Each structure stands twice: as structure tokens, then as C-alpha cells.
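One structure is given here, and the rest of the page talks about it.
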Amino acid sequence: MISKLLFIPRAAEDIIKVLLHKNILFSERWNIAKALAKIKIASLSKKLNEPFVLRLGKLKINCLYNIHIGFLIKEIFVKEVYALNKNKEIFKVLDIGSNIGLSVAYFKMRFPDAVIEAYEPDKNSFELLQKNIRENDLKNVSAEEMAVSDENGFLFALSIEEKASVNSNFATSGKEESQLRAKGIPEILQQNFDIIKMDIEGGEWRIFKKIIEHQLIPKASNWFVEFHQIEKNKKQFEEILNCFQRNGFEREERKEVVYFYKNI
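Just so it is clear: in the sequence shown, position 134 is 175 by the numbering used here, and no numbers are missing.
If you want it as C-alpha cells, here you go:
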């Protein structure tokens, strides 16, 4: 009971910070603040994985309740970790690890005419991703229920308590019932994209080995990559940074997300 009472001032502080955020239109700030308030209230009564609907202005977000929903909304819509550093015309976006579609919705808000190719391997997340695309009538968005890896084949889902979680993890071996399809990054990057966003909970290291091997970094002029366990993969991380630099990219670190871009 005491922990729930202590939660109230922290919740109020979060909402006030959003309302005072000057880089976002007030109408957007108000919509985000209302959504965060609803999440905070839900935390007092909702059970883990219980169906939950949020409104972000005209956007209807279908999700399953978990502690990460509020964090994701703040990262994507308040801190705007996927914002370009300057206005550019965007035609094609590749979203690897779309979860329930918050990043897809963000890109559509910012670039309504863009074609978006989304990949999400988790069954629960993918169902919500499809539902959010359909119910918000997001045009020119294709979604594939599969992982992205270094090559075509299969990965295996690791069991976690949260459904539709941002922390879903996958291994290269496992039980047959946890098997899911994976599409190789060389096949996907036979075409060019204006933006590539990648958030796949550690799978990025396997993918970037193939990206560097096949010299695929120039396939997009803007990359948003969330790197996990950097200390454990420090040598490869330095290699990735150097490879982007050799290809004429600059970088901006936004906490977990690294934004690589070309000033063109």
C-alpha cells in the first residue's frame, strides 16, 4: 500500500515533465500526458498481460499491460529517440523489431507518405502490431511475423513472463515448439531504405557481422540501432562504429539508441 502511495508523486512528476516539454506541440504533449496518466492509474489495478487500450490523439494503441509501456511511449514520443536531426524527405523505412507498433506509428506520424516494412517475430506482439496497423488505418505498412537474422533460417524464442514484451529474446537453437522463421539481412537489404531502425535485444551483433561482411551500411542514410550488452561485445561495437565512420556517417548517442546519419 505504501509503495502505491509513493508511486503517485513520481507519476505526477513524469506527467508534468511531458507537459513542460517545449520541443513538442502542446496538443501532442497533452495527448501523451493523458496516456501516461492512464498507464499510471492502470498500474494500481491491472494485471500483467491484461489487454489495455491507449489513446494518443487519433492513434489507438492496443497493448497488453506491462511495466514497459510507459517507458516506450516516453522514449518514442517524448524523447523522440527516432527523430531525424534535420528535415529530410523519407520514402522507405525498415523497422526491425517492431513490437506492438509504437515505432511504426511514430514514423507514420512524422512521415505519412512513407512505405514501412516491419518485422516482429513474437506472436503476441505481432498480433497487436497487425491490429494497431489495421485499426489506425496506417497506409503502406507491411508487417512480417518473423525475425531478422544474419541468414534465412530459424531462431528459437526464449520463454519470459511478459507477453508482447520489448525484452523478447531468441537463440539459434532450442525446442521445436519455440521455433520461428528468420529472414536474412542480405535478402532484405537488396533494396535501399531512407531509415533503418533496429531493436532486437542482442540479435544486432549477429546481424552486423553480416552487414559489415556484405558492405551493406550504405543501404540506408539513417540508422537507429539499440545496442545491448556493449561491454560484452566491445570489440565488435568499435568495429561497427569504425565501419560507419569509414562510410561517411556521423553519430549521435541517445542513451540506448545510437543514431548514425549522413549529412546530405
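Ideal placement from N, C-alpha and C gives every residue a C-beta, glycine not left out. Model, not experiment: these values are computed from the prediction.
- The stretch 179 to 186 and the stretch 226 to 234 do not touch, with fewer than three beta-carbon pairs separated by less than 8 angstroms.
- The alpha-carbon separation between glycine 138 and isoleucine 237 amounts to approximately 11 angstroms.
- Proline 92 is bridged by DSSP to Leu105.
- Under the 8 angstroms Cβ criterion, the stretch 113 to 124 counts as touching the stretch 144 to 152, having at least three qualifying pairs.
- For lysine 133, the pairing in a beta bridge is given by DSSP as Val156.
- In the DSSP annotation of this structure, the continuous segment of the beta strand (DSSP E) that includes methionine 239 starts and ends at 234 to 239.
- The beta carbon of histidine 255 is closer than 7 angstroms to those of Pro227 in its chain, skipping five residues each way along the sequence.
- With fewer than 16 neighbouring CB atoms inside 10 Å of its own CB, leucine 89 falls in the exposed class.
- Looking only at Tyr302, Cys284, Glu267, Glu293, the smallest Cα-Cα distance to serine 144 is reached by Glu267.
- Looking only at Leu95, Cys104, Gly194, the smallest Cα-Cα distance to glutamine 220 is reached by Gly194.
- Distance from the CA atom of isoleucine 80 to the CA atom of aspartate 163, rounded to whole angstroms, is 23 angstroms.
- Burial of isoleucine 73 is indicated by the presence of at least 16 other C-beta atoms within 10 angstroms of its C-beta.
- Annotation: lysine 75 to phenylalanine 112 spans about 14 angstroms, alpha carbon to alpha carbon.
- If you draw a 10 Å sphere on the C-beta of leucine 97, you find 16 or more other C-beta atoms in it, and that means buried.
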